[in-house]
Structure formats: structure tokens, C-alpha cells
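Under the working numbering, the first residue of the sequence shown carries the number 627, and numbering increases by one thereafter. Backbone N, C-alpha and C define an ideal beta-carbon position, used for all residues, glycine too. Just so it is clear, the structure is predicted and the values come from calculations on it, not from any experiment. These notes are about the structure you will find just below.
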Amino acid sequence: MIRRCTSCEFEQIYTIINDAAQAYKGVIPADCWTEPYMSAPALQQELDAGVVFWGSAEGAELSGVMGLQETKDITLIRHAYVLPSRQRRGLGAQLLSHLRAL
């Protein structure tokens, strides 16, 4: 099920982003890589800047997240991540399709 994430899911969103980003360690230039890839304060800044996360969930557990941010006259799809154990099952494509339809 795809649904809007709640503020109570901050830790799950944070974990998904950082676990999924590990697949790109060594691909992302070293000067752009940090541990964790996105810190909790950086994630909070994204939320404060208006990024709304949507998630692919099984029950209460999120498997993937994608952020949506409305700016002046466009909407940006941001921060697309799926847990490594759930990748290659179409969750990212489902999230993207859902957000594009909003």
C-alpha cells in the first residue's frame, strides 16, 4: 500500500534512506559521501523545507520512500529509496507512478 508518511515514521524514513544509499557508496563521489549519507538533522531540514514523504508499506512497516516537494510552479520528486532487501520488486516504480498521478 502506498500512503503519505507521518511524523511518527521519521526513524523508518531515516533508516530506509541510509540503508538504501549504501548501494551507491563508491559510486557517489567521495566528496559528496557522508556517514550517515543523510543525517537526522538534514532529514529534518528537508521536512521543514516542505518535502512530504510517501511510502510503500506493508502494515506499519515502510519498505520504500519517496519525497514530494512543491516549489513555485513545479513539483519535484525527491529522495527515492527502497530498502535493499525489498529492491527489484517494483516498489520504486509503484511509488513513482503514484506520485506522478497526484
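Closest by C-alpha distance to residue i, when choosing among the options
i           : options               : result
residue 634 : 658, 628, 688 and 646 : 688
residue 721 : 696, 681 and 653      : 681
residue 690 : 697, 711 and 675      : 711
residue 627 : 715, 701 and 685      : 685
residue 709 : 631, 637 and 642      : 642
residue 728 : 638, 679 and 713      : 679
For residue i: DSSP bridge partner residues
i           : result
residue 700 : According to DSSP, residue 700 bridges with nothing at all.
residue 630 : 680
residue 691 : 681 and 707
residue 654 : 651
Cβ-based neighbour list, residue i, same chain, cut-off 7 Å, excluding 5 preceding and 5 following
i           : result
residue 666 : 640
residue 657 : none
Any non-hydrogen atom of the ligand COA within 8 Å of residue i CB
i           : result
residue 662 : By its list of ligands, the structure shown contains no ligand whatsoever, and the ligand COA lies outside what it can speak to.
C-beta atoms of residue i and residue j nearer than 9 Å
i           : j           : result
residue 661 : residue 676 : no
residue 683 : residue 629 : yes
Spatial neighbours of residue i in its chain, beta-carbon cut-off 8 Å, leaving aside the 5 residues before and after
i           : result
residue 659 : 651
Residues of its chain near residue i, where Cβ-Cβ distance is below 6 Å and the 5 sequence neighbours each way are ignored
i           : result
residue 705 : 693
Anticipated Cβ contact below 8 Å, residue i with residue j, distance rounded
i           : j           : result
residue 707 : residue 646 : 4 Å
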